[in-house]
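Trainee: The structure's right below; bear with me while I get my questions together.
There are 2 protein chains.
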Amino acid sequence: MGQATIRTTEVKNYVGQEVHLRGWLHTVRRLGGVVFVVLRDGWGTVQAVTESEADLLAVLEGGVSAESVIELRGVVVEMAQAPGGVEIHHPQVEVITPVTEPLPVIINKREVQAGLAAQLDHAVVVNRHPARRAIFRLAAGVMAGFRETLNRKGFTEIQTPKIVASATESGANVFKINYFDQTAFLAQSPQFYKQIMVGVFERVYEVGPVFRAEPHDTIRHVNEYVSLDVEFGFIENHFTVMAMLREVLAGIFVTLQEGYSAELALLGARLPTVPETIPHIHFSDAQELIWQRHGVDVRGEPDLSPQDERWLGEWAQAEYGSDFLFVPGYPMGKRPFYTHPDPERPAYSNSFDLLFRGTELVTGGQRLHRYADYEAALNRAGYRLEPFATYLEAFRYGMPPHGGFAIGSERLLMQLLNLPNVRLSTLFPRDLARVTP
Amino acid sequence: MGQATIRTTEVKNYVGQEVHLRGWLHTVRRLGGVVFVVLRDGWGTVQAVTESEADLLAVLEGGVSAESVIELRGVVVEMAQAPGGVEIHHPQVEVITPVTEPLPVIINKREVQAGLAAQLDHAVVVNRHPARRAIFRLAAGVMAGFRETLNRKGFTEIQTPKIVASATESGANVFKINYFDQTAFLAQSPQFYKQIMVGVFERVYEVGPVFRAEPHDTIRHVNEYVSLDVEFGFIENHFTVMAMLREVLAGIFVTLQEGYSAELALLGARLPTVPETIPHIHFSDAQELIWQRHGVDVRGEPDLSPQDERWLGEWAQAEYGSDFLFVPGYPMGKRPFYTHPDPERPAYSNSFDLLFRGTELVTGGQRLHRYADYEAALNRAGYRLEPFATYLEAFRYGMPPHGGFAIGSERLLMQLLNLPNVRLSTLFPRDLARVTP
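Quick mapping for you: the protein sequence lines, in order, are chains X and V.
Counted the way numbering that gives the first Met the number 0 counts, the first sequence spans residues 0 to 436.
Counted the way numbering that gives the first Met the number 0 counts, the second sequence spans residues 0 to 436.
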């Protein structure tokens, strides 16, 4: 070590030259007198080929199996039928760290060869599988695209506390912490802090963990996830927020398209086109539409069901050719106390959901900004003001009309990649039964 | 609203033109028949001047005080003696959200006019003070510079779980969580996960919260902070890690210099020069040097005291003109179990501290990478293997020599800005007594 080495993704630039690579022994196969070795490094894989077993004694001897850490030297040769169009000839291999036991889950086939539980139990190893790690590389791309877009628009990144004195949005579904001599909680969201910080920076975003003690065991729930949070001031109403969300999603997809095409190709993912203006339909009109088109009377229901969302997704596709549909105007009753009502129809809110391919992806909206409105809303909801004292200080001392949204990173990837379970887009998922690995 | 507005930082580009701004009423002053109004928005401040009180009736009438949210229109005039070289004439002000009560802490003077406790109690408002918020803008710059530097070097950003099944590095100093039917903990660091992820991406970093239940009430401790974590594989030894840390710090300072000069100027901060190679002195040589230069025999002590660090900082400045000094080779006894020993002198470790201006800023080093070494180290430390089972899976199935480091974002800013207390570089600090705001 210490000598210049190249990455697997750089091999194609070294045709005819001797190169030096380091990584993991992904596979060894013998096929009609020829030995194929695939080395995987942190970025990709490359194949080495030889007819001389003597060259590869180090990895062909008993006791050195897949996932051993190796160094590989050889000459780069163009080879149209090889993966990536190049392969390494005259390979010489040295073993840095031998692995001597069979893996708990096979990770060198095209698909991970295990059920979901085994995959999650052995995520430490399974996340090395090229198709698995491509998901988490895309997760990095989502964060990067999110930040780049917002930085361009004058937003400031913040990191707000995760240990909080009281439940953020409701008393339920929070994890309790033994915090020295008192009880504290894990933040369900940075909602209060990002609003407070609009008073400081006008435009803020945060990428960080959020914690939900919801006792739900579904394909769409985990109890800790990465939230991409945005909040900004001086908006007209929730349509200003919707326009910003459109920009952010488009920015994320541009970043993925430009910097993560190998991962998208490996996963067979099709990136959606984000329309210049995402179509929208008011909550009450959406219910009317479902009644008209499908004969199911959901008018007056306080929320949309998953079936309603699928129907609306189909309608957006048919009517506008759009993967996305905004549904603004959810009834106030189902929204948190800080939600701004529609001034014209106060039973409806200036908040929205964004549906992506017929499933809710993002929730956002305009918030209350006047202190007196918070007093009234908290009283109406039956809360005491005192636990909200520091939050309310922001509104007592001058806040502009503002709003924002939160995107769940893992859910975005789940829907983008058509994964059957959000646990598969979560690096080390936490659920009702699981806090390891 | 809805009309085009500009930011305070853009006013200088509109000399002679009418502009429209929105923000907070920072100050109103009358001075010899002239009225000065300072508007603060999310990026800076601008002064408006008039001799006609009638223009400003909206903010001069009783009942509208500082921090009211306002709109301001007027004409931009060059004025050498005005802050920023421009001011607004013929101002017209409208109030969007009036503030009618005096602030709990005065935030429109050069310094925040309050003691530390009051500043922290009212951080929701105090963080609006231009000098306070400049600190947190720099915090965003530190994160940006950290990520940019590592992205260029092929690192992948990760977000690892904060709810963990067992204490990360030791059984002490962790916060317990009631996690459904079991007990879980808040992660003290992403140490185990970032090492595991070297097996996936080779080079990883994370920016996220860490939680320390240390019952210390000092100017340097808070119980939740933002950790900038790096870990990467295929290193030669800890000197490879020290070289990477040097690059990361230099990258952070370049980002601050290029993008955050207004904040640095406002805070009177001097950015350090990072030498091409940061000088280093082995732990045992450092103790010998202190004995030689200061006549205090600290040889054989297991750690450096704050006084030792100050002496070494002075020496690095005198000998090398460097604000930075690496001290590699800390005794194994004071380092965590995963620390790699020095192969030549196994009582010393391949780990280091980085001193900045005579105070420890970063800790890092080479880690063990062979499974058998972990078994031996855990046995030696008196731990059972079972709680570490999933962590150990990484080493059972092939890990390269690797290492990394962690920078505490708040401490970096504290030392960079010469702040008297780390709570002042923490957005909403958590300590023994404080979980609000």
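Yeah, the Cβ is synthetic: ideal placement off N, Cα and C, and Gly gets one too.
All of these numbers come straight from a predicted model, not from anything done at the bench.
Does the stretch 152 to 160 of chain X come close enough to the stretch 258 to 275 of chain X that 3 or more CB-CB pairs lie under 8 angstroms?
Mentor: The stretch 258 to 275 of chain X vs the stretch 152 to 160 of chain X: no contact.
Trainee: Thinking just about the alpha-carbon of each residue, which of X:F179, X:V297 and X:F174 is nearest to the one in A186 of chain X?
Mentor: Position 187 of the first sequence holds residue 186 of chain X. Measuring from the Cα of A186 of chain X, the nearest candidate turns out to be X:F174.
Trainee: For S64 of chain X, which residues from the same chain have a beta carbon less than 6 angstroms from its beta carbon, with the 5 sequence-adjacent residues on both sides left out?
Mentor: Residue 64 of chain X sits at position 65 when you count from the first residue of the first sequence. Once the five neighbours on either side are set aside, the close Cβ partners of S64 of chain X are V98.
Trainee: Looking at chain X, is there any beta carbon in it that lies within less than 8 angstroms of the beta carbon of V68 of chain V?
Mentor: Stepping through the second sequence from its first residue, residue 68 of chain V is reached at position 69. It does; some Cβ of chain X falls within 8 angstroms.
Trainee: Give me the chain X residues within the contact set of K175 of chain V, using Cβ-Cβ distance strictly less than 8 angstroms, ordered along the chain.
Mentor: Your numbering for residue 175 of chain V matches position 176 in the second sequence. The answer, in chain order, is I176 and N177.
Trainee: Counting Cβ pairs closer than 8 angstroms, one from the stretch 292 to 302 of chain V and one from the stretch 195 to 207 of chain V, do we hit at least three?
Mentor: No: fewer than three Cβ pairs fall under 8 angstroms.
Trainee: What are the uninterrupted segments assigned as alpha helix (DSSP H) that are 4 or more residues long and contained completely in the stretch 84 to 168 of chain V, given in chain order?
Mentor: DSSP runs (the alpha helix (DSSP H)) wholly in the stretch 84 to 168 of chain V: 115 to 120, 122 to 125 and 129 to 151.
Trainee: Touching or not, the stretch 418 to 426 of chain X and the stretch 217 to 225 of chain X, by the rule of three or more beta carbon pairs under 8 angstroms?
Mentor: Contact holds: three or more Cβ-Cβ distances are below 8 angstroms.
Trainee: With 8 angstroms as the limit, tell me which residues of the stretch 183 to 196 of chain X have their beta carbon closer than that to any beta carbon of chain V; keep them in chain order.
Mentor: Residues passing the 8 angstroms Cβ filter: A183, L185, Y192, I195 and M196.
Trainee: Can you tell me whether L115 of chain V is buried or exposed, with buried defined as 16 or more other CB within 10 angstroms of its CB?
Mentor: Taking the second sequence and counting its residues from 1, the one referred to as residue 115 of chain V is at position 116. When all chains shown are included, L115 of chain V counts as exposed.
Trainee: Starting from the beta carbon of A393 of chain V, find every residue of chain X whose beta carbon is closer than 7 angstroms, and list them in chain order.
Mentor: If you number the second sequence from 1, residue 393 of chain V lands on position 394. Here the neighbours are V123.
Trainee: Mind checking if T338 of chain X is an interface residue toward chain V, Cβ cutoff 8 angstroms exclusive?
Mentor: By 1-based counting over the first sequence, the position of residue 338 of chain X is 339. Answer no: the Cβ-Cβ gap between T338 of chain X and chain V never drops below 8 angstroms.
Trainee: Would a check of beta-carbon distances place D40 of chain V closer than 8 angstroms to chain X?
Mentor: The residue you call residue 40 of chain V lines up with position 41 of the second sequence. Closer than 8 angstroms: yes.
Trainee: Rounded to whole angstroms, what's the CA-CA distance from N177 of chain X to A183 of chain X? Just pull it up for me.
Mentor: Residue 177 of chain X sits at position 178 when you count from the first residue of the first sequence. Residue 183 of chain X sits at position 184 when you count from the first residue of the first sequence. Each residue's Cα considered, the two are about 7 angstroms apart.
Trainee: State buried or exposed for S51 of chain V, treating a residue as buried only when at least 16 other CB atoms are found within 10 Å of its CB.
Mentor: The sequence position of residue 51 of chain V within the second sequence is 52, counting from 1. Classification for S51 of chain V: exposed.
Trainee: Tell me, please, whether the CB atom of I5 of chain V is closer than 8 angstroms to any CB atom in chain X?
Mentor: Here residue 5 of chain V is taken as the residue at index 6 of the second sequence, counted from 1. No, because no Cβ of chain X sits closer than 8 angstroms to the Cβ of I5 of chain V.
Trainee: Just the Cα atoms here: how many angstroms apart are L360 of chain V and I280 of chain V?
Mentor: Counting from 1 along the second sequence, the entry for residue 360 of chain V is found at position 361. Counting from 1 along the second sequence, the entry for residue 280 of chain V is found at position 281. The alpha-carbon atoms of L360 of chain V and I280 of chain V are separated by roughly 16 angstroms.
Trainee: Considering only C-alpha positions, which residue in the set X:R245, X:F191 and X:Y224 is nearest to V206 of chain X?
Mentor: Residue 206 of chain X sits at position 207 when you count from the first residue of the first sequence. Per the Cα distances, X:Y224.
Trainee: For the beta strand (DSSP E) that contains Y224 of chain X, what are its first and last residues?
Mentor: Within the first sequence, residue 224 of chain X is the residue found at index 225, counting from 1. Note, Y224 of chain X: beta strand (DSSP E), E223 to G232.
Trainee: Determine the closest residue to N335 of chain X out of X:R356, X:D322, X:R344 and X:T362, with distance taken between C-alpha atoms.
Mentor: Numbered from its first residue, the first sequence carries residue 335 of chain X at position 336. Per the sequence shown, residue 335 of chain X should be read as Pro rather than Asn. Ranking the options by Cα distance to P335 of chain X, first place goes to X:T362.
Trainee: For V434 of chain X, name the three-state secondary structure that DSSP assigns.
Mentor: The sequence position of residue 434 of chain X within the first sequence is 435, counting from 1. Residue state, collapsed to three classes: coil.
Trainee: Could you compute how far the alpha carbon of E17 of chain V sits from the alpha carbon of V141 of chain X?
Mentor: Stepping through the second sequence from its first residue, residue 17 of chain V is reached at position 18. Stepping through the first sequence from its first residue, residue 141 of chain X is reached at position 142. Between E17 of chain V and V141 of chain X, the C-alpha separation is close to 40 angstroms.
Trainee: Return yes when the Cβ of T4 of chain V is within less than 8 angstroms of the Cβ of H19 of chain V, no when it is not.
Mentor: Position 20 of the second sequence, counted from the start, is the residue given in the question as residue 19 of chain V. Position 5 of the second sequence, counted from the start, is the residue given in the question as residue 4 of chain V. Yes; because the gap between Cβ atoms is below 8 angstroms, this pair is in contact.
Trainee: Please confirm if T272 of chain X has its CB atom under 8 angstroms from at least one CB of chain V.
Mentor: Numbered from 1 along the first sequence, position 273 holds the residue referred to as residue 272 of chain X. T272 of chain X does not count as touching chain V.
Trainee: By the criterion of Cβ-Cβ separation under 8 angstroms, what are the contact partners of A139 of chain X in chain V?
Mentor: Counting from one through the first sequence, the residue named residue 139 of chain X turns up at place 140. Going along chain V in sequence order, the residues near A139 of chain X (Cβ under 8 angstroms) are T155, E156 and I157.
Trainee: So the candidates are X:V221, X:S350, X:V68 and X:V124; which of them puts its Cα closest to the Cα of N172 of chain X?
Mentor: For the purposes of this step, residue 172 of chain X is taken as the residue at position 173 of the first sequence. Per the Cα distances, X:V221.
Trainee: With a cut-off of 8 angstroms, do at least 3 Cβ pairs link the stretch 368 to 381 of chain V to the stretch 396 to 404 of chain V?
Mentor: Yes: the two stretches touch, three or more of their Cβ pairs being nearer than 8 angstroms.
Trainee: Based on DSSP bridge pairs, tell me the residues matched to H523 of chain V.
Mentor: The requested residue 523 of chain V is not part of the displayed model; chain V covers only 0 to 436.
Trainee: Express the C-alpha separation of M243 of chain X and W314 of chain X in angstroms, rounding to a whole number.
Mentor: For the purposes of this step, residue 314 of chain X is taken as residue 315 along the first sequence, with counting starting at 1. For the purposes of this step, residue 243 of chain X is taken as residue 244 along the first sequence, with counting starting at 1. If I take the Cα positions, the gap works out to 24 angstroms.
Trainee: Pair every Cβ in the stretch 380 to 395 of chain X with every Cβ in the stretch 77 to 95 of chain X, then say whether three or more of these pairs are closer than 8 angstroms.
Mentor: No: the two stretches stay apart, fewer than three of their Cβ pairs being nearer than 8 angstroms.
Trainee: Would you say the stretch 143 to 153 of chain V touches the stretch 252 to 261 of chain V, given that touching needs at least three Cβ pairs under 8 angstroms?
Mentor: Yes, the stretch 143 to 153 of chain V is in contact with the stretch 252 to 261 of chain V.
Trainee: With distances taken Cα to Cα, identify the nearest neighbour of G32 of chain V among V:V45, V:T49 and V:Q306.
Mentor: The sequence position of residue 32 of chain V within the second sequence is 33, counting from 1. The shortest C-alpha separation from G32 of chain V is found at V:T49.
Trainee: Measure from the C-beta of P327 of chain V to each C-beta in chain X and report whether the shortest distance is under 8 angstroms.
Mentor: As a first step, residue 327 of chain V is located in the second sequence; it is residue number 328 there, counting from the start. Output row for P327 of chain V: interface = no.
Trainee: Could you pull out every residue in the same chain whose Cβ sits closer than 6 angstroms to the Cβ of V434 of chain V, ignoring the five residues on either side in sequence?
Mentor: Stepping through the second sequence from its first residue, residue 434 of chain V is reached at position 435. Result list for V434 of chain V: empty, nothing under 6 angstroms.
Trainee: Give the interface partners of L423 of chain X over in chain V, defined as CB-CB distance under 7 angstroms, in chain order.
Mentor: The residue given as residue 423 of chain X occupies position 424 in the first sequence. Going along chain V, no residue has its Cβ under 7 angstroms from L423 of chain X, so there is no contact; the nearest lies around 15 angstroms.
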